[in-house]
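Novice:
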Amino acid sequence: MAEPGCETSSEECLGTKEPREAEPETPKRKKPRRQCHRRCRRSRSDSFAIYFPRVLKQVDEGLSLSQKAVSIMDSFVKDILERIADEASRLARSTKRSTITSREIQTAVRLLLPGEIGK
Numbered sequence: 033m034a035e036p037g038c039e040t041s042s043e044e045c046l047g048t049k050e051p052r053e054a055e056p057e058t059p060k061r062k063k064p065r066r067q068c069h070r071r072c073r074r075s076r077s078d079s080f081a082i083y084f085p086r087v088l089k090q091v092d093e094g095l096s097l098s099q100k101a102v103s104i105m106d107s108f109v110k111d112i113l114e115r116i117a118d119e120a121s122r123l124a125r126s127t128k129r130s131t132i133t134s135r136e137i138q139t140a141v142r143l144l145l146p147g148e149i150g151k
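Start counting the sequence shown at 33; every next residue gets the next number (my numbering).
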């Protein structure tokens, strides 16, 4: 049986390759082995958590966020982005366009966000 993660046959993994009948002796190019990505792959989670400390550092060096605050901020950013995308989609549909451009995004932000922050 083949070892886990081994992409070759069981004979090649174990090194006990039996000679085959009428096999021509032509040199074959070896393909470079690909590394197994199953072990190395990280689960991708859509989160903005890595950006909050960076922005906070620009505002004030000594401040930090608790894990609960990061979770709340992450939910807030996801919610606002979803609202902006929905509104921009409605605007694009109402003008019979199939592409959301920066104009639709700007209009959606002006409609959704109040006062000075929407400008």
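Positions of the beta carbon are idealized from the N, C-alpha and C atoms, including for glycine.
What you are looking at is a predicted structure, and each value in this text was computed from that prediction instead of being measured.
DSSP three-state label for Glu-114, please.
Specialist: In the three-state scheme derived from DSSP, where H, G and I count as helix and E and B as strand, Glu-114 is classed as helix.
Novice: My parser needs the alpha helix (DSSP H) runs of 4 or more residues fully inside the region 80-127; what are they?
Specialist: 83-91, 99-126
Novice: Say the cut is 8 Å; is the CB of Ile-104 nearer than that to a heavy atom of the ligand COA?
Specialist: This structure simply doesn't include the ligand COA, nor any ligand for that matter.
Novice: Here's the rule I'm using: 16 or more other beta-carbon atoms within 10 Å means buried, otherwise exposed. How should Glu-136 be labelled?
Specialist: Under this definition Glu-136 is a buried residue.
Novice: Could you tell me if Ala-101 is buried or exposed, where buried requires 16 or more neighbouring beta carbons within 10 angstroms of its beta carbon?
Specialist: exposed
Novice: Would a C-beta distance cut-off of 9 Å place Pro-85 and Ser-96 closer than the cut-off?
Specialist: yes
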